[in-house]
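Note that the protein sequences, when read in sequence, are chains A and B. Count the first sequence with my numbering and you get residues 5 to 581, in order. Count the second sequence with my numbering and you get residues 5 to 581, in order. For every residue, glycine included, the Cβ atom is placed at its ideal position computed from N, Cα and C.
Number of protein chains: 2
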Amino acid sequence: MRASQYHLNTLKEAPAEAEVVSHQLMTRAGMIRKIAGGVYTYMPMGLKVLRKIEAIVREEMNRAGAIELLMPVIQPAELWQESGRWEQYGPELLRIKDRHQRDFVVQPTSEEVITDIARNEIHSWRQLPVNFYHIQTKFRDERRPRFGLMRGREFTMKDAYSFDRDETAAQASYDAMYAAYQRIFTRLGLTFRAVAADTGSIGGSRSHEFQVIADTGEDLIVYNPDSEYAANIELADAPCLLAEREPAREALEKRATPDAPKCEIVAEQLGLPLSRTVKAVVLATDPAEGPARLWLLLIRGDHETNEIKVGKLPGFGDGYRLATEAEIDSVFHCAPGYLGPVGLPPKAITVIADRTVAHMGDFVCGANEAGYHLSGVNWGRDLPEPDLVADLRNVVAGDPDPRGGTLAIQRGIEVGHVFFLGDKYSRALNATFLETDGKPAVLQMGCYGIGVSRISAAAIEQNHDDRGMIWPRAIAPFEVVLCPIGIGKSDAVREAAESLYLALQAQGVDVILDDRDTRPGIMFADWELIGAPLRVTLGDRGLKEGIVEIQARRDDQAQRIAQADALAYILERLESL
Amino acid sequence: MRASQYHLNTLKEAPAEAEVVSHQLMTRAGMIRKIAGGVYTYMPMGLKVLRKIEAIVREEMNRAGAIELLMPVIQPAELWQESGRWEQYGPELLRIKDRHQRDFVVQPTSEEVITDIARNEIHSWRQLPVNFYHIQTKFRDERRPRFGLMRGREFTMKDAYSFDRDETAAQASYDAMYAAYQRIFTRLGLTFRAVAADTGSIGGSRSHEFQVIADTGEDLIVYNPDSEYAANIELADAPCLLAEREPAREALEKRATPDAPKCEIVAEQLGLPLSRTVKAVVLATDPAEGPARLWLLLIRGDHETNEIKVGKLPGFGDGYRLATEAEIDSVFHCAPGYLGPVGLPPKAITVIADRTVAHMGDFVCGANEAGYHLSGVNWGRDLPEPDLVADLRNVVAGDPDPRGGTLAIQRGIEVGHVFFLGDKYSRALNATFLETDGKPAVLQMGCYGIGVSRISAAAIEQNHDDRGMIWPRAIAPFEVVLCPIGIGKSDAVREAAESLYLALQAQGVDVILDDRDTRPGIMFADWELIGAPLRVTLGDRGLKEGIVEIQARRDDQAQRIAQADALAYILERLESL
Chain A
5 MRASQYHLNT
15 LKEAPAEAEV
25 VSHQLMTRAG
35 MIRKIAGGVY
45 TYMPMGLKVL
55 RKIEAIVREE
65 MNRAGAIELL
75 MPVIQPAELW
85 QESGRWEQYG
95 PELLRIKDRH
105 QRDFVVQPTS
115 EEVITDIARN
125 EIHSWRQLPV
135 NFYHIQTKFR
145 DERRPRFGLM
155 RGREFTMKDA
165 YSFDRDETAA
175 QASYDAMYAA
185 YQRIFTRLGL
195 TFRAVAADTG
205 SIGGSRSHEF
215 QVIADTGEDL
225 IVYNPDSEYA
235 ANIELADAPC
245 LLAEREPARE
255 ALEKRATPDA
265 PKCEIVAEQL
275 GLPLSRTVKA
285 VVLATDPAEG
295 PARLWLLLIR
305 GDHETNEIKV
315 GKLPGFGDGY
325 RLATEAEIDS
335 VFHCAPGYLG
345 PVGLPPKAIT
355 VIADRTVAHM
365 GDFVCGANEA
375 GYHLSGVNWG
385 RDLPEPDLVA
395 DLRNVVAGDP
405 DPRGGTLAIQ
415 RGIEVGHVFF
425 LGDKYSRALN
435 ATFLETDGKP
445 AVLQMGCYGI
455 GVSRISAAAI
465 EQNHDDRGMI
475 WPRAIAPFEV
485 VLCPIGIGKS
495 DAVREAAESL
505 YLALQAQGVD
515 VILDDRDTRP
525 GIMFADWELI
535 GAPLRVTLGD
545 RGLKEGIVEI
555 QARRDDQAQR
565 IAQADALAYI
575 LERLESL
Chain B
5 MRASQYHLNT
15 LKEAPAEAEV
25 VSHQLMTRAG
35 MIRKIAGGVY
45 TYMPMGLKVL
55 RKIEAIVREE
65 MNRAGAIELL
75 MPVIQPAELW
85 QESGRWEQYG
95 PELLRIKDRH
105 QRDFVVQPTS
115 EEVITDIARN
125 EIHSWRQLPV
135 NFYHIQTKFR
145 DERRPRFGLM
155 RGREFTMKDA
165 YSFDRDETAA
175 QASYDAMYAA
185 YQRIFTRLGL
195 TFRAVAADTG
205 SIGGSRSHEF
215 QVIADTGEDL
225 IVYNPDSEYA
235 ANIELADAPC
245 LLAEREPARE
255 ALEKRATPDA
265 PKCEIVAEQL
275 GLPLSRTVKA
285 VVLATDPAEG
295 PARLWLLLIR
305 GDHETNEIKV
315 GKLPGFGDGY
325 RLATEAEIDS
335 VFHCAPGYLG
345 PVGLPPKAIT
355 VIADRTVAHM
365 GDFVCGANEA
375 GYHLSGVNWG
385 RDLPEPDLVA
395 DLRNVVAGDP
405 DPRGGTLAIQ
415 RGIEVGHVFF
425 LGDKYSRALN
435 ATFLETDGKP
445 AVLQMGCYGI
455 GVSRISAAAI
465 EQNHDDRGMI
475 WPRAIAPFEV
485 VLCPIGIGKS
495 DAVREAAESL
505 YLALQAQGVD
515 VILDDRDTRP
525 GIMFADWELI
535 GAPLRVTLGD
545 RGLKEGIVEI
555 QARRDDQAQR
565 IAQADALAYI
575 LERLESL
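Below, the structure is given as structure tokens:
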């Protein structure tokens, strides 16, 4: 490619709304242009990156035996009604009426359509296992789209769906996809981690996320630096930090804590560590029949409640909410901020203690009286044992790993997700096949997503500096840029650049010759922003000495290389980028 | 590809709703599966064809200097309001409200978005010319989707948009695309014709359609077998068939024609050729102010009215309609069926005669009295000369070509369309650039579409027989199929098949080995349906003689080829398929 025949249009400033570095840099480099909130045009260089990612994903999916097809973007509501997701999915599902007032959706994923295909196409165990995938435009109507391609509304996703005879076979399909994903993210040149994850609205019983490690990621990953263990903080087991119940040493005491509705203030007022305090969260669930049920959750003052874990508590399956002030008052006769588990009327509320809280002694909690807390509180002595002990909190860095060692936390960007679905969709849509005994059996499914467009943003979040992007070679918009200085004036420069350009093209290198004849400062700034892995500078002075300058975007220093060795050097250097 | 690891699922019967052969065969071969009316999943083999078409289109677009990008499927209404198409486009435009009740459309084409990009990206004449294209999912909410991929609602289209400094440069861009389209359809292996065409709702001043020739096509192409001339019948000039006005030989006579509201019946009753009759069509236009205006169109009885030509008559720019019975009665005092141009009150209606009608003498027309026609009617003598003479009719086969020779008609399927747009969109969206003199000028545009998914259906309409599809090699789902007979029982067959399979793969041939071990009859029927250009049969008996059978799908007879020569034979034979 010659820059004069391409469309390069870099910007000095990122738009004010670009909050994250990938959004800023992709916009400045002219890789994406916003058309509406969360909806972008991939400009030529942006599309090149997208296509390179797609090609790697496709190759590895095919290698793993998955078969590509293409399901439609616009899907009929009937299938979504059959699965139940028409009702379950919130406003993120973009719904349409066609000219005949029939309901359709713009697909956010394709479980329904693929299950419909499977029930029509798969008749016999002889056709199994099979894994279909497509790479297609998706839409999720995010309430607040932002962060450019990180949380867009229209995006490109690869989604695969495996069909198997039974759970064992389905597990093998899952493992094959897990292995394929490891190969894909390795080939993409990204630092990543496969982490155990919650299954969320897709459903199913087991899942792993593939997270690109980046400080700007929205997800928190709990991992053990000394083992293979890694899990999304949503799912990561938080251990009890006290091997056994702490003995009661103090007497129960009511302490004045004026204007101290938060544990942090209480700890300061009482001169105690935050880890001696216990905070109270009052939740409510609404059964199908009868009155709301109230729950008191107790978590150590320095810990955070994990909403995903709470949602999995027995009785919380249909959702939960914060209790209203009236509901709280009916049990505690006290406003929030000073609530505690001591002296509650029997059976009025179910008390659930976090694992650590259940082993605490001499702790501090609200006195159920505004402006007062209790200290020296002890289970059994001052209040009944909790009704339930459960893991209610997020892991924090430094927590012991029950399997040995210590847990650490890092941030990541979810770019892939594999789910063991079981029969959730196949049962709803009655997707069966005939087993060897001639009897129908329900297909076992897995589903496997990769956020193709998101990967391009995640790669930048992980690989950039203050001058611009630093692409891994595999998905760089160009592998090599040739920067001739004064190409319009010097025949020697033009000839050297053209000759190297053709030689690199002949070797299959994705090279661009910047023949715009702009000032070196502008040209270098453009290519540091765009982040081509290798830049070759050809100038009159160097060429007289038989030298070209080769600068890897990742390196601090350029290398002076003999012109005759440049091709070989570039080919070798690219191998490590 | 090995069939055992692929998804082959052919059907004996096509669905009842499949009216055209491409829909029937693609469904039977398992290339597409219907998800909703006009919405299909491309099954693996269907997608392979689509991707091969896309690849050829992409290569030739790139070769022509066009630059690929990717515009979104879901587009904001604001841009469509700026161009005016939000109001102009009918119910075929699928409109959506997002969760915030903002209006969006599912793109049927992308003139608005690309013009928005151009006005933001193109600042200077130095950036011109430029031609952007994308290959993307489109949606047109057809009232009655049918014919499978021929008239689907969701489909894949390549659309390109050129931007130029002035009309001369824009014409050069148009010509470059025209040439690229010639290369594309030649490489696809299709018999096609570029025809002058109407610009329709896209607008602009000049356009050509690329039509795949097929008896089942919906379009009629007027062409001259002895010249380059070809035009869609919508646009093709219909000549006057009479060099000069015929002399009046008969007297005007009122003839009883009971129950003869059609020219065909009149001609029969009067014992005259249909070509002596003239039919009357009464139309109305509604000006912005004032009463409706009435028009009487006169067309020879054996000719058909051309609605596109009528729509271009002076005064018809804002549309027209059939006159109401009341309007007709106000002028003719007679019901439709017996209307004619003789004896009309002056200025009550504007009379427009087709070119041929204007030269007719002694013609027959309605007498404006139920049950009666006039014969021996002559312009000037019996009625005033027509207010306007115009081309109102469709060409018929055998019409003389004014440029010499005779016109013929064939049917075609429109698969590509190039438009010279001028400044229609760039002016509406104020897309300007700075000229050399520093003053802003409006961009000149062209747009260029190719119906990627439709091509797969058109290829079948053109190339099939009663056993199935006959793919051109360039876009066949597989180039070669190997059919081993009894692969499960014979080591010799298995080894010969495997060896040829690997040899063909090594040569880059897209080959499938049908290792399903099915009965030969089933296997052959499948592959005649699917239409792979070459089928190689390997059986024990032949192999003992050192022979394999190679059958080109287009040929009647299979060839017996020495096993040792099979590879070379296949490679050579493929060149001509």
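- With respect to the 8 Å criterion, residue 165/A and residue 449/A are classified as neighbours on the basis of their beta carbons.
- The C-beta of residue 258/B has fewer than 16 other C-beta atoms within 10 Å across all chains shown, which makes the residue exposed.
- Non-local beta-carbon contacts of residue 562/B in its own chain, meaning distances under 6 Å to residues more than five positions away in sequence, involve 553 and 555 in chain order.
- With respect to the 8 Å criterion, residue 143/A and residue 157/A are classified as neighbours on the basis of their beta carbons.
- Counting only residues of its own chain and dropping the five nearest sequence neighbours on each side, residue 153/A has a CB closer than 8 Å to the CB of 26, 27, 30, 36, 44, 159, 457, 458, 460 and 461.
- For residue 434/B, no Cβ of chain A is located within less than 8 Å of the residue's own Cβ.
- For the options 140/A, 210/A and 13/A, the alpha carbon positioned closest to that of residue 428/A is the one of 210/A.
- If you draw a 10 Å sphere on the C-beta of residue 266/A, you find fewer than 16 other C-beta atoms in it, and that means exposed.
- Taking 8 Å as the CB threshold, residue 167/A stays off the interface with chain B.
- Counting C-beta pairs with one atom in each stretch, the segment 409-421 of chain B and the segment 186-197 of chain B have three or more that are closer than 8 Å, which means they touch.
- Listed along chain A, no residue sits closer than 7 Å to residue 284/B by beta-carbon distance, the nearest being about 35 Å off.
- A residue is called buried when at least 16 other Cβ atoms come within 10 angstroms of its Cβ; residue 411/A meets this threshold and is buried.
- Residue contact with chain A for residue 9/B: present (Cβ-Cβ distance below 8 Å to some residue of chain A).
- Collapsing the DSSP output to three states places residue 167/A in a strand.
- Beta-bridge annotation (DSSP): residue 134/A is paired with 167/A.
- Not a single C-beta of chain B is nearer than 8 Å to the C-beta of residue 483/A.
- In the three-state scheme derived from DSSP, where H, G and I count as helix and E and B as strand, residue 220/A is classed as coil.
- Residue 528/B: member of the alpha helix (DSSP H) spanning 524-534, first to last residue.
- Contact annotation: the segment 487-505 of chain A touches the segment 536-546 of chain A, with at least three C-beta pairs closer than 8 Å.
- For residue 48/A, the chain B residues whose Cβ falls inside 7 Å of its Cβ are 71, 72 and 73, in order along the chain.
- In terms of CA proximity to residue 256/A, 376/A leads the group 485/A, 576/A and 376/A.
- Under the Cβ criterion (8 Å, minimum of three pairs), the segment 263-279 of chain B counts as touching the segment 376-388 of chain B.
- With contact defined as three or more Cβ pairs closer than 8 Å, the segment 53-64 of chain A and the segment 13-22 of chain B are not in contact.
- Sequence-distant partners of residue 363/B (beyond 5 residues in either direction) whose C-beta falls short of 7 Å from its own C-beta, in its chain, are 244, 246, 248, 249 and 250.
- By the Cβ criterion, the segment 315-334 of chain A is not in contact with the segment 236-243 of chain A, since fewer than three pairs of Cβ atoms, one from each stretch, lie closer than 8 Å.
- Boundaries cannot be given for residue 400/B, as no alpha helix (DSSP H) includes it and DSSP labels it neither H nor E.
- In summary, residue 128/A is exposed, with fewer than 16 beta-carbon neighbours lying within 10 Å of its beta-carbon over all protein chains present.
- Rounded to whole angstroms, the gap between the alpha carbons of residue 372/A and residue 348/A is 9 Å.
- Assigned with DSSP and collapsed to three states, residue 381/B falls in strand.
- For residue 336/B, the enclosing alpha helix (DSSP H) has its first and last residue at 329-336.
- Three or more beta-carbon pairs separated by less than 8 Å are not found between the segment 335-344 of chain B and the segment 425-440 of chain B, which leaves the two stretches without contact.
- Inter-residue distance for residue 515/B and residue 148/A is about 48 Å (C-alpha atoms, whole angstroms).
- Remark: C-beta atoms of residue 292/A and residue 239/A do not approach each other more closely than 8 Å.
- DSSP, reduced to helix, strand and coil, places residue 307/A outside both helices and strands of the structure shown, so it counts as coil.
- Between residue 361/B and residue 78/A the beta-carbon gap is near 48 Å, outside 8 Å, which marks them as no contact.
- A Cβ-Cβ separation of about 12 Å leaves residue 287/A out of contact with residue 302/A under the 8 Å criterion.
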